[in-house]
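Numbering (this note's numbering), first residue to last: 165 to 286. Note that beta-carbon positions come from the ideal geometry of N, C-alpha and C, so glycine has one too. These notes are about the structure you will find just below.
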Amino acid sequence: MSLSNAEEQLMQILWKQEKAFMKDLIEAYPEPRPATTTVATLLKRMQDKNFVDYVQYGRSREYFPLVKKKDYFARQVNGMIKNFFNDSAAQFASFFTKETDLSPQELEDLKKLIDERLKSKK
C-alpha cells in the first residue's frame, strides 16, 4: 500500500521528528499550513494503512511512524522498477545514469558502489 502525495509529505515530517503531537506536525509544515482537520484526516488514513500509530496522553495523541523511511523508499523504488522498467534493475540503472546528467565523479562513485557490492556478493 502506498501513500498519497499529501500523506507522504506528512510522513516525511513524522520521520524527521520521530514522534510528534498534532501541533508539532502542523508547525513543521511550510506556510500556508494545512488545517488541523486536514492533518487529522491524513493521520487517520495513514493509521488505517498501518503507516502510523499514536499513544494517548489525556486528550492529546503523540503520533509515531510504524514504517521506516528506508523500507518505504525501497518498496517505492522496487515498484517503479517493476512498473516502468519491466522489472529490470539494469534498465532502471541505464535510464538513471543517462537521464540524470551525472557528473563524471558521480558516475565514478556509482561504479565504486557497484564494485563494492559485487565483492560482498562473492
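Which residue's Cα is closest to the Cα of residue 180: 258, 234 and 242? Position 16 of the sequence shown, counted from the first residue, corresponds to residue 180. Nearest Cα to residue 180 within the set 258, 234 and 242: 234.
Which term fits residue 165, buried or exposed, when burial requires 16 or more other beta carbons within 10 angstroms of its beta carbon? To locate residue 165, count along the sequence shown from 1; it is residue 1. Around the beta carbon of residue 165, a 10 Å sphere encloses fewer than 16 other beta carbons of the protein chains shown; the residue is thus reported as exposed.
When you compare the CB positions of residue 240 and residue 249, do they come within less than 8 angstroms of one another, or not? For the purposes of this step, residue 240 is taken as the residue at position 76 of the sequence shown. For the purposes of this step, residue 249 is taken as the residue at position 85 of the sequence shown. Cβ distance not < 8 angstroms, so residue 240 and residue 249 don't count as in contact.
Helix or strand or just coil, what does DSSP make of residue 184? Looking up residue 184 in the sequence shown gives position 20. Residue 184: strand per DSSP, three-state reduction.
Expected contact under 8 angstroms - CB spacing of residue 178 and residue 227 to nearest Å: The sequence position of residue 178 within the sequence shown is 14, counting from 1. The sequence position of residue 227 within the sequence shown is 63, counting from 1. About 6 angstroms separates the beta carbon of residue 178 from that of residue 227, a gap short enough to meet the 8 angstroms contact definition.
For residue 260, count neighbouring Cβ atoms within 10 angstroms of its own Cβ and tell me buried if that reaches 16, exposed if not. The count along the sequence shown starts at 1 and reaches residue 260 at position 96. That one is exposed.
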